[in-house]
Amino acid sequence: MSKVSRRKFLAGSLAGGAAVMLSPAKNAMAAGSFAGFPEGMGVLVDMTRCVGCRSCEAACNKEQKLPAPDQPFDDYSVFDQTFHHGTQKRRPTEKAYTVVNRYEPEGSDKPVYRKIQCNHCNEPACLTSCFVNAYTKTNEGAVVYDGSVCVGCRNCMIACPFHIPGYSYSKVIDPVVKKCIFCYDTRVKYGKPPACVEICPAQVLTFGKRKDLLKIARARIKKNPGKYQAEIYGEKTVGGTGWLYLSGEPFEQLGFDTTLQKEPIINNVKGFLGTVPMVLAIWPALFTGFHLLATKNKGHDDHHDSDAEEGEE
Amino acid sequence: MFVDSKWHMKSLLILLSGLFLTLPAYAMDAPESVTIDALAKYYEPVEFDHEMHVDVSEDCSSCHHHTTGTGTADQYCSKCHSEYKELVKVACQDCHPTQPFSAEVVNLQSQQDIFHADMNGLVGAYHQNCMGCHQEVGGPTGCEDCHARTEAGDEFYHAGKYAPTTAEHATAGH
Ligand code: SF4
Ligand code: SF4
């Protein structure tokens, strides 16, 4: 049992809340130092400027070498797509790390477009929930991941307050997390703006140091208080995010979760840290238990075979 | 297309560097037409009918802020720039950088005074200014109303002959 197989991890996550709540423990201490990389970069998204052209989606697709889209990027009928009985608009997926959605807030004479992608949190819940340390918050502010160590447990998917990480199922036995990485490898690392920022025709997206962007955002609000909401979404949300939003309409009318806490998600689990060593000790036993339960009705030999195979991974 | 002035030489230089929208210092010297090719990769250059826009706009400063015309109407800018004073810099790209997020410009965000730290890049300045007005007066607002897309553009947007086939389409959703 020195190596826990993927299937056992999955069985473990069936235990629901328990696995998600407890797994951040491993990275929790390190996470405390993420609050302020002073030179961290970010992007200010000014939704009052967005014209919904979807060029940012196209640029992301090209830069990240993503699969061809289901519809052309100049097809605006995607704004009418909804999921889960009309309750959910498009979300980023493993094939599209950013999507633009259209909203028609009450009392507004024109539609509002909102680009979504990973917000590159100061203290990322995805990172703290990942027990194989797949995630890294870089000095430049990007939240990146190492797909080669991802075991596909989906903890980060559940932990992310913005429902960002997607999963690639192309290799059935090797699912891997897929999300916006702030064009880290190809651009931000070299001081260049992400592809979406560069293509945006209306300069909805302003790339800069997070601390400068906050000043710029406050200055825009001050200069034009009638045009903007007073709040900068992401300034405080879940401990602050690298991507910040300005809006002319109330955020809750544009699909933003305005009920999220100000503290980083990690603070929720700090109380559990004391129990962690014990938990880590009993995990393997727990998972073995789940596994035995799940395979109870199968022949004993069967079980042994599959176990051996998985152990090879 | 351009009148003979010191701006002429400058225009040529900028044309060679691939990007320009330049205006002579006096409205009466303004060019009839200006070629804008800031997006030339995915779109054909746009012939901007400057003369027509001079006719329909109230004053040069509607677009040129405080650099030419009767001075800015923007209360925020007029605190310093209320006096009508012709500036040497009149062309859009004299102030609005073509690469607004180069390391150099990003550095300026923290160094410049708060009034100019938030400067739009050239493409952003065009679209915010053009689209804002076009929406108000009913001018064209769709991308291809002004920009004819190139083949590289079709490929980029997965449109035209690069559009996904219906078979791929069937997998839409999430
Ligand atoms: S938005 Fe979600 S995926 Fe992105 S850094 Fe924050 S928690 Fe992680
Ligand atoms: S490229 Fe800019 S204007 Fe176009 S949809 Fe994206 S954010 Fe909006």
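Taken in sequence, the protein lines are chains A and B. If you count by the numbering used here, then the first sequence holds residues 1 to 313, one letter each, in order. If you count by the numbering used here, then the second sequence holds residues 1001 to 1174, one letter each, in order. Don't be surprised by glycine CBs; every beta carbon is placed ideally from N, CA and C.
Closer than 6 Å by C-beta to residue i: which residues in its own chain qualify, once you throw out the five before and the five after it? Chain order, please.
{"i": "A:Gln229", "result": "Ser247"}
{"i": "B:Leu1021", "result": "Residue placement at B:Leu1021 cannot be trusted, given a pLDDT of 42 that sits under 50; what the coordinates show is reported in the next sentence. Around B:Leu1021: Val1034, Ile1036 and Cys1092."}
{"i": "A:Gly140", "result": "Checking the sequence shown, residue 140 of chain A turns out to be Glu, not Gly. Counting only Cβ-Cβ distances below 6 Å, and skipping sequence neighbours, we find Met41 and Val188."}
{"i": "B:Gly1160", "result": "Asp1154"}
{"i": "A:Leu66", "result": "Lys95"}
{"i": "A:Ala134", "result": "Tyr145, Asp146, Val149 and Cys150"}
{"i": "B:Thr1072", "result": "Ser1061, His1065, His1066, Ser1078 and His1081"}
{"i": "B:Tyr1026", "result": "Because B:Tyr1026 carries a pLDDT of 46, less than 50, the predicted location of this residue cannot be relied on, and the following value inherits that uncertainty. For B:Tyr1026, where only same-chain residues beyond five positions count, there are no Cβ hits under 6 Å."}
{"i": "B:Gly1018", "result": "Reliability of the predicted coordinates at B:Gly1018 is poor, the pLDDT of 37 falling under 50, and the value obtained from them is presented with this limitation in mind. No residues qualify anywhere along the chain."}
{"i": "A:Glu104", "result": "Pro111"}
{"i": "A:Cys200", "result": "Cys56"}
{"i": "B:Val1105", "result": "Pro1097"}
{"i": "A:Glu231", "result": "none"}
{"i": "A:Thr258", "result": "Phe251 and Glu252"}
{"i": "B:Tyr1162", "result": "Asp1154 and Glu1155"}
{"i": "A:Val176", "result": "Gly147, Cys150 and Ser168"}
{"i": "B:Thr1171", "result": "In this prediction, B:Thr1171 has a pLDDT of 43, which is less than 50 and means its spatial position is unreliable; what the coordinates show is noted afterwards. Excluding positions up to five away in sequence, the list is empty."}
What distance in whole Å lies between the Cβ atoms of residue j and residue i, which are believed to be in contact at a cut-off of 8 Å?
{"i": "A:Gly208", "j": "B:Gln1109", "result": "5 Å"}
{"i": "B:Glu1176", "j": "B:Ala1148", "result": "The requested residue 1176 of chain B does not occur in the structure, where chain B is confined to residues 1001 to 1174."}
{"i": "A:Pro264", "j": "A:Gly234", "result": "Actually they are not in contact, since the Cβ atoms of A:Pro264 and A:Gly234 sit about 13 Å apart, beyond 8 Å."}
{"i": "B:Ala1152", "j": "B:Lys1041", "result": "6 Å"}
{"i": "A:Val45", "j": "A:Val204", "result": "6 Å"}
{"i": "A:Ser168", "j": "A:Lys178", "result": "5 Å"}
{"i": "B:Glu1032", "j": "B:His1050", "result": "6 Å"}
{"i": "B:Val1090", "j": "B:Thr1070", "result": "The Cβ separation is near 14 Å, so there is no contact."}
{"i": "A:Glu249", "j": "A:Ser108", "result": "6 Å"}
{"i": "B:Thr1098", "j": "B:Gly1121", "result": "7 Å"}
{"i": "A:Cys126", "j": "A:Pro165", "result": "6 Å"}
{"i": "B:His1116", "j": "A:Ala202", "result": "Contact doesn't hold; Cβ gap of about 20 Å is too wide."}
{"i": "B:Asp1118", "j": "A:Arg220", "result": "7 Å"}
{"i": "A:Leu213", "j": "A:Leu244", "result": "6 Å"}
{"i": "A:Lys222", "j": "A:Lys262", "result": "Not confirmed; about 22 Å, so no contact."}
{"i": "A:His163", "j": "A:Arg91", "result": "6 Å"}
Please return the same chain residues whose Cβ sits closer than 8 Å to the Cβ of residue i, not counting the five positions on each side in sequence.
{"i": "A:Met29", "result": "The pLDDT assigned to A:Met29 is 40, lower than 50, so where the model puts this residue is not dependable, and the model offers no usable value."}
{"i": "B:Thr1141", "result": "Met1131, His1134 and Gln1135"}
{"i": "B:Pro1164", "result": "His1158"}
{"i": "A:Ile216", "result": "Leu44, Thr206 and Gly208"}
{"i": "A:Gln71", "result": "Ser77 and Val78"}
{"i": "B:Phe1101", "result": "Gly1121"}
Leaving out five residues on either side along the sequence, give the residues of the same chain with a beta carbon under 7 Å from the beta carbon of residue i.
{"i": "A:Lys89", "result": "Thr82, Asn101 and Gly255"}
{"i": "A:Cys183", "result": "Glu63, Pro194 and Ala195"}
{"i": "A:Phe34", "result": "Note that A:Phe34 scores 47 on pLDDT, short of 50, meaning its location in the model is unreliable and no value can be drawn from it."}
{"i": "A:Glu57", "result": "Phe73, Ala96, Thr98, Val99 and Val100"}
{"i": "B:Asp1094", "result": "none"}
{"i": "A:Arg210", "result": "Gly40, Met41, Gly42, Gly141 and Gly242"}
{"i": "A:Arg49", "result": "Ala202, Gln203 and Val204"}
{"i": "B:Asp1059", "result": "Gly1069 and Thr1070"}
{"i": "A:Gly337", "result": "There is no way to answer for residue 337 of chain A, as the model of chain A reaches only from 1 to 313."}
{"i": "B:Ala1138", "result": "According to the sequence displayed, residue 1138 of chain B carries Gly and not Ala. Answer for B:Gly1138: no residue qualifies."}
Which residues in chain D sit within 8 Å of residue i, going by Cβ to Cβ distance?
{"i": "A:Arg210", "result": "The structure shown contains no chain D; its protein chains are A and B."}
Name, going along the chain, the residues of the region 47-72 of chain A whose beta-carbon falls closer than 7 Å to a beta-carbon of chain B. Within the region 47-72 of chain A, the residues whose Cβ lies closer than 7 Å to some Cβ of chain B are Arg49, Val51, Cys53, Ala58, Lys62, Ala68, Pro69, Asp70, Gln71 and Pro72, listed in chain order.
Residues of the region 180-202 of chain A with Cβ closer than 8 Å to any Cβ of chain B, in chain order: Listed by position along the chain: Gly191, Lys192, Pro193, Val197, Glu198, Cys200, Pro201 and Ala202.
Please specify which runs of the alpha helix (DSSP H), each continuous and at least 4 residues long, are wholly inside the region 234-259 of chain A, giving them in chain order. Segments of the alpha helix (DSSP H) lying fully in the region 234-259 of chain A: there are none.
Note down, in chain order, all residues in the region 1117-1132 of chain B with a beta-carbon under 7 Å from any beta-carbon belonging to chain A. The region 1117-1132 of chain B vs chain A, Cβ under 7 Å: Ala1117, Asp1118, Asn1120, Gly1121, Val1123, Gly1124, His1127, Gln1128 and Met1131.
Under 7 Å (Cβ pairs) to chain A, residues found in the region 1101-1114 of chain B: So the close ones are Phe1101, Ala1103, Val1106, Gln1109, Ser1110 and Ile1114.
Between the region 72-86 of chain A and the region 46-57 of chain A, are three or more C-beta pairs nearer than 8 Å? Yes, the region 72-86 of chain A is in contact with the region 46-57 of chain A.
Along the chain, which unbroken stretches of the alpha helix (DSSP H) at least 4 residues long are found entirely within the region 1024-1111 of chain B? Segments of the alpha helix (DSSP H) lying fully in the region 1024-1111 of chain B: 1050-1056, 1061-1064, 1075-1081, 1092-1095 and 1103-1111.
Interface residues of the region 151-172 of chain A facing chain B [CB-CB below 7 Å]: Within the region 151-172 of chain A, no residue qualifies.
At a Cβ cut of 7 Å, what residues of the region 1133-1150 of chain B count as close to chain A, listed as they run along the chain? Taken in chain order, the members of the region 1133-1150 of chain B whose beta-carbon sits within less than 7 Å of a beta-carbon on chain A are Cys1143.
Output, in sequence order along the chain, the residues in the region 223-235 of chain A whose CB is closer than 9 Å to any CB in chain B. Per Cβ criterion, the list reads Lys223 and Asn224.
Going residue by residue through the region 44-94 of chain A, where are the continuous alpha helix (DSSP H) segments of at least 4 residues, counting only ones entirely within it? Listed in chain order, the complete alpha helix (DSSP H) runs (minimum 4 residues) inside the region 44-94 of chain A are 55-63.
Every unbroken beta strand (DSSP E) inside the region 147-180 of chain A [3 residues or more]: Whole beta strand (DSSP E) segments, 3+ residues: 166-168 and 176-178.
Taking a Cβ distance cut-off of 7 Å, strictly less, list which residues of the region 1045-1065 of chain B are near chain A, in chain order. Per Cβ criterion, the list is empty.
At 3 residues or longer, and completely inside the region 183-236 of chain A: list those beta strand (DSSP E) runs for me, N to C. With a minimum length of 3 residues, the continuous beta strand (DSSP E) runs that stay inside the region 183-236 of chain A are 205-209.
Closer than 9 Å between beta carbons: that is the criterion. Which residues of the region 98-124 of chain A meet it against chain B? Legend: CB atoms of the region 98-124 of chain A lying less than 9 Å from CB atoms of chain B belong to residues Lys110.
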